[in-house]
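Asks: Supplied in structure tokens, the structure appears directly below.
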Amino acid sequence: MSDNKNYEDFYDKYLHHHQLEHEKNQKRIRIGLKVNIFVPLVFLIISFITDGSKLIFLILWIVSLFGISGYLVFIEFTDYKAQERLNEYGKIQAQPESLIGDIAAEAEALVLDKVNTIDDKLEEEQKRIEEEIRERLDTLKKLKDKKNQTKEEDTKEEE
């Protein structure tokens, strides 16, 4: 009985440890995203302030982006693997929760919604313009017919 209790305590501590790691990873991802914006901005500002070679700052900027992106991928991967291990023990949800993926999916859905709205507005505007063109063409045809009719009448009067 005491072994069983020890295993349960160990198991609970193990799950608690992984939950804390998951929360730390979420914070690390937020910090990494902020750094991903801040560091390239610093390189950009320094490159314009100094009279040094812009190529060096461009290379530093690119290397920093790759480094930070690699860090973010590593954190996401380790968190995903930890959640998969917990899933094997049957203590968490069926699908591991991604740290970045949900935000990307929400952003994609939002962008698609906006694109569809813009497409609908463009189609409506296109139909309105086509209708206006048709009306103007009809008006021009009527004017042309009227002009031709007056010309015919004038030629008949001259004869």
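Everything in the sequence shown is counted per my numbering, starting at 1 for the first residue and increasing by one. For each residue, glycine too, the CB sits at the ideal point set by N, CA and C. Just so we're clear, the structure is a prediction, and the values are computed from it rather than from any experiment.
Please classify phenylalanine 48 as buried or exposed, where buried requires at least 16 neighbouring CB atoms within 10 angstroms.
Replies: exposed
Asks: When we look at the beta-carbon of isoleucine 75 and count the other beta-carbons within 10 Å, is it buried (16 or more) or exposed?
Replies: buried
Asks: Determine the contact status of valine 39 and serine 64, defining contact as a CB-CB distance below 8 Å.
Replies: yes
Asks: Compute the Euclidean distance between the alpha carbons of valine 35 and glutamate 8, then round it to the nearest angstrom.
Replies: 40 Å
Asks: Just verifying my parser: in three-state terms, what is the DSSP assignment at tyrosine 89?
Replies: coil
Asks: Are there 16 or more other CB atoms within 10 angstroms of the CB of glycine 52, so buried, or fewer, so exposed?
Replies: exposed
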